[in-house]
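Here the working numbering is used: the first residue of the sequence shown is 4, the next is one more, and so on.
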Amino acid sequence: MRIGKVATAAGISTKALRFYETAGLLPPPARTSAGYRDYSNETLPRLDFIRRSRGAGLTLAEIREVLEIRDSGDAPCEHVQHLLGRRLADLDRQIADLLELRATVAGLHAGTAAADPETCDPATVCRYL
Numbered sequence: 004m005r006i007g008k009v010a011t012a013a014g015i016s017t018k019a020l021r022f023y024e025t026a027g028l029l030p031p032p033a034r035t036s037a038g039y040r041d042y043s044n045e046t047l048p049r050l051d052f053i054r055r056s057r058g059a060g061l062t063l064a065e066i067r068e069v070l071e072i073r074d075s076g077d078a079p080c081e082h083v084q085h086l087l088g089r090r091l092a093d094l095d096r097q098i099a100d101l102l103e104l105r106a107t108v109a110g111l112h113a114g115t116a117a118a119d120p121e122t123c124d125p126a127t128v129c130r131y132l
């Protein structure tokens, strides 16, 4: 399949397709006699895997690792389990940080409820921050 057809079927741009190829996520496609890329039927499921992996928050390097394991003939299940566990831990930390930030901002916001611009000292820019 030519690059435009693959890109359309995968719902990505031809630029993204070339990028994935350059990044090592896709094997180099065969070339037609005219030099056009000629992607195999295995390209679409691989692009779907890349899309789903990105949706789970995996980095391109992590996705490449999983693909390399699969391409070597091994099942990447243990590696994926490790990556997803690490991703969950990262998300839990981010959520905790966001909850702490929310509490801080909520406290600052509550302090502005009785704001009186007439009592603001211009030298402090804003006393609520």
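Every residue gets a Cβ at the ideal spot worked out from N, C-alpha and C, and that includes glycine.
- Across the structure, LEU132 and LEU111 are spaced so that their CA atoms are roughly 7 Å apart.
- Counting the other Cβ atoms within 10 Å of the Cβ of SER36 gives fewer than 16, which makes it exposed.
- Contact between the stretch 80–96 and the stretch 46–55 is absent: fewer than 3 CB-CB pairs across the two stretches fall below 8 Å.
- Residue state for ASP41 is assigned as strand, using DSSP reduced to three classes.
- Here the C-alpha atom of PRO32 lies approximately 11 Å from the C-alpha atom of GLY38.
- Excluding sequence positions up to five before and after LEU70, its CB lies within less than 7 Å of the CB of LEU28, all in the same chain and listed in chain order.
- Comparing C-alpha distances from THR46 to each of THR11, PRO79, ALA99, ALA116 shows the shortest one belongs to THR11.
- A direct Cα-to-Cα measurement between LEU63 and ALA26 gives close to 8 Å.
- Rounded to the nearest whole angstrom, the CA to CA distance from ASN44 to ALA19 is 18 Å.
- Comparing C-alpha distances from LEU50 to each of ARG73, ILE15, ALA106 shows the shortest one belongs to ILE15.
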